[in-house]
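Participant: Have a look at the structure that comes next, please.
Residue numbers (the UniProt record's numbering), protein chains in the order written: chain V, 1 to 144; chain A, 1 to 436.
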């Protein structure tokens, strides 16, 4: 019997969010963390990974502000926000939402060469859906 | 010295393309069906190759969304008899806006393997209308009537392109398609937001100048003409104005595709079999040297850029072609930034300098670095699955010197077509004229 298993990944991921935990998967061979969680390791090609709770500490490497094309009415519930490349402390990179970002703050970050900026994961309940998701909050030091 | 990626050489011998159009808006085209559009494109390609349908062994059928647009599944089965291929084998495939480029790769592979000698690959899309009534897929549909699809409804359905499991829930993957490439370009090349705005506008101007000379394009009025009609001195003044409103962090309205209806088709043949199968061929065959491929789910940062880098590297490594060899470039630019970033990644325009070439008009049909001579997605139009093969049609016509007023100055010998679509699939197609 090999280590490849037909196991649920998606449901436990979303159920963990209900319990206040943000889960990824870690490769037992190379240590790379997959987020959001999937079966295999995309770094070394290992055929299985194990559950791993992420710290939530991350960096934002790019900043795109929402506009008419790239926003939806429900997103207003998040307040001010932007999109961008997120890198978890554990190494995984993906596209995410960062709350607290404004055009003014972006201008300051870009002019002062502050990228990447620190962000912190948060569990967020979108209006109108029955599941939670993961967003990020800009570190408070950039809000002043 | 370039070489083919395939096990045996495969060449394009015939191309066909409908006008790209809003079929419902014109009494002459209203009520045309998928069968008629693809049938015309396929038969035109056969005519162009100087062959009959019986010479073709197999066909591929591309359509991005046959259920939503045409209310049918397995669309390849329903139309083969329209172009004389009843009883021949076929496959339907869908890779959204990348369909037409991968359509060429599929056909090339079938011939390169030796399974078949001559294959038709075609694609059709009604991007501007759905089968009538357009309320739900369950409602019985009229045999030929169609109904317009609003941009609002179209954008709602584009979420189907994104992974239901994670990408939609995380929101950012669906929204970054619009401005990610522009943001990355500004940040990594060190240009200002204002310079990017002008570059985006100049791509619109260049695309439209190309389309103004193309009878198959959906629009022909140049931005200079539109500017003068609205009291502006120049096209750039017009495009910088509220007549061209900002829709994204960088993008303005003119930077987006004109979704529409159309079909295109290509006939590919084993190069060694051309003398036997195409006795009436009246033009030079164009060899498909290779197709580099890469795909990234939209949850991955800078997915278009990374996938383009991968696909270009693969096709260059395997064919020996470099950016310096390219004489003409096509990019699926349903978001117009694509045409800047992919031309730089391919080495067709120098890294960090491409925006200057564009703003100097050098990438229009009459420049020294022509891009999207048919008008691109913002001016030729975008019939989603069919657009890639429409680019192949235009590219082959340019390489044969058959483009009339919009013929580029130097007859192209080597070309790249960068396909992109489906959140996101990328193909880097390299074509080369076979010399006598």
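Virtual Cβ for every residue (Gly too), placed ideally from N, Cα, C.
With 7 Å as the threshold, decide whether the Cβ of residue 43(V) is near any Cβ in chain A.
Facilitator: No, residue 43(V) lies away from the interface with chain A (no Cβ there is under 7 Å from its Cβ).
Participant: For a contact defined as C-beta to C-beta under 8 Å, what are the partners of residue 384(A) on chain V?
Facilitator: Simply none; closest approach about 18 Å.
Participant: Over what stretch of residues does the beta strand (DSSP E) that includes residue 195(A) continue unbroken?
Facilitator: Looking at the DSSP string, residue 195(A) is not in any beta strand (DSSP E); the run it does join, the alpha helix (DSSP H), is 193-211.
Participant: Quick one: is residue 175(A) near chain V, going by C-beta distance under 7 Å?
Facilitator: Residue 175(A) counts as touching chain V.
Participant: Quick one: is residue 131(V) buried, meaning 16 or more other Cβ sit within 10 Å of its Cβ, or exposed?
Facilitator: So residue 131(V) ends up on the exposed side.
Participant: To the nearest angstrom, how far is the alpha carbon of residue 284(A) from that of residue 129(V)?
Facilitator: Going by the C-alpha atoms only, they are around 58 Å apart.
Participant: Less than 7 Å between CB atoms is the rule here; does residue 143(V) satisfy it with respect to chain A?
Facilitator: For residue 143(V), the answer is no, since every Cβ of chain A falls outside 7 Å of its Cβ.
Participant: Do residue 430(A) and residue 416(A) come within 7 Å of each other at the CB atom, strictly closer than that value?
Facilitator: Yes, these two residues count as a Cβ contact at 7 Å.
Participant: Taking the alpha-carbon of residue 223(A) as reference, which of 242(A), 216(A), 214(A), 201(A) has the nearest alpha-carbon?
Facilitator: Nearest of 242(A), 216(A), 214(A), 201(A) to residue 223(A), Cα basis: 201(A).
Participant: Does residue 57(V) have its Cβ less than 7 Å from a Cβ in chain A?
Facilitator: With 7 Å as the cut-off, residue 57(V) does not count as an interface residue toward chain A.
Participant: Ordered along the chain, which non-local residues of its own chain (more than five positions away) have a Cβ less than 6 Å from that of residue 413(A)?
Facilitator: Within the same chain, residue 413(A) has close Cβ partners 327, 433.
Participant: Return the residue from the list 291(A), 355(A), 85(A), 301(A) that minimises the CA-CA distance to residue 392(A).
Facilitator: Nearest option by C-alpha distance: 291(A).
Participant: Which residues, in order along the segment 84-104 of chain V, keep a beta-carbon less than 7 Å from a beta-carbon of chain A?
Facilitator: So the list reads 85, 93, 94, 95, 96, 97, given in the order they occur along the chain.
Participant: Quick check: the segment 91-110 of chain A against the segment 262-272 of chain A, are there 3 or more CB pairs under 8 Å?
Facilitator: Yes: at least three Cβ pairs fall under 8 Å.
Participant: Measure the CB-CB distance between residue 385(A) and residue 64(A) and report whether it falls below 7 Å.
Facilitator: Yes; because the gap between Cβ atoms is below 7 Å, this pair is in contact.
Participant: Can you tell me where the alpha helix (DSSP H) holding residue 13(V) begins and where it ends?
Facilitator: Its alpha helix (DSSP H) spans residues 10-18.
Participant: Mind pulling the chain A residues with CB within less than 7 Å of residue 69(V)?
Facilitator: Correct list: 178, 247, 248, 251.
Participant: What is the rounded straight-line gap between the Cα of residue 13(V) and the Cα of residue 156(A)?
Facilitator: Computed Cα separation, rounded: 26 Å.
Participant: What does the Cβ neighbour count give for residue 119(A), buried or exposed, with the cut at 16 atoms within 10 Å?
Facilitator: Buried, because 16 or more other Cβ atoms sit within 10 Å of the Cβ of residue 119(A).
Participant: Are any of the Cβ atoms in chain A nearer than 7 Å to that of residue 133(V)?
Facilitator: Output row for residue 133(V): interface = yes.
Participant: Just checking my contact of residue 346(A) with residue 100(A) at CB under 8 Å: how many whole Å lie between their CB atoms?
Facilitator: Not a contact, Cβ separation roughly 18 Å.
Participant: Tell me where the beta strand (DSSP E) around residue 358(A) begins and ends.
Facilitator: Residue 358(A) -> not in any beta strand (DSSP E); alpha helix (DSSP H) instead, spanning 354-359.
Participant: Does the Cβ of residue 347(A) lie closer than 6 Å to at least one heavy atom of the ligand FMN?
Facilitator: Absence of the ligand FMN is noted for the structure shown, with no ligands found whatsoever.
Participant: Restricting to Cα atoms, I'd like to know which of 313(A), 324(A), 361(A) is closest to residue 236(A).
Facilitator: Of the candidates 313(A), 324(A), 361(A), the one whose C-alpha sits nearest the C-alpha of residue 236(A) is 361(A).
Participant: For residue 419(A), which residues from the same chain have a beta carbon less than 6 Å from its beta carbon, with the 5 sequence-adjacent residues on both sides left out?
Facilitator: 98, 101, 332, 388, 427.
Participant: Output the distance between the C-alpha atoms of residue 225(A) and residue 258(A), rounded to the nearest integer angstrom.
Facilitator: Answer to the nearest angstrom: the Cα atoms are 19 Å apart.
Participant: Check the Cβ-Cβ distances between residue 299(A) and every residue of chain V, and say whether any is below 7 Å.
Facilitator: Residue 299(A) counts as touching chain V.
Participant: Taking the beta strand (DSSP E) that residue 90(A) belongs to, which residues open and close that run?
Facilitator: Taken as a continuous stretch (DSSP letters only), the beta strand (DSSP E) holding residue 90(A) covers 89-93.
Participant: Quick one: is residue 10(V) buried, meaning 16 or more other Cβ sit within 10 Å of its Cβ, or exposed?
Facilitator: Exposed is the call here.
Participant: Under three-state DSSP, which class holds residue 410(A)?
Facilitator: Here residue 410(A) sits in coil by DSSP.
Participant: Would you say residue 171(A) faces chain V, with C-beta separation under 7 Å as the test?
Facilitator: Output row for residue 171(A): interface = yes.
Participant: In whole angstroms, what is the alpha-carbon distance linking residue 53(V) and residue 35(V)?
Facilitator: C-alpha separation (whole angstroms): 10 Å.
Participant: How far does the beta strand (DSSP E) with residue 30(V) in it extend, from its first residue to its last?
Facilitator: Here residue 30(V) belongs to no beta strand (DSSP E), and DSSP marks it neither H nor E.
Participant: Are the segment 87-99 of chain V and the segment 57-71 of chain V in contact at 8 Å, needing three or more beta carbon pairs?
Facilitator: Yes, they touch.
Participant: Between which two residues does the beta strand (DSSP E) carrying residue 11(A) extend?
Facilitator: Note, residue 11(A): beta strand (DSSP E), 10-17.
Participant: Per DSSP, which one or two residues make a beta bridge with residue 398(A)?
Facilitator: The partner list for residue 398(A) (beta bridge, DSSP) is empty, contrary to what the question assumes.
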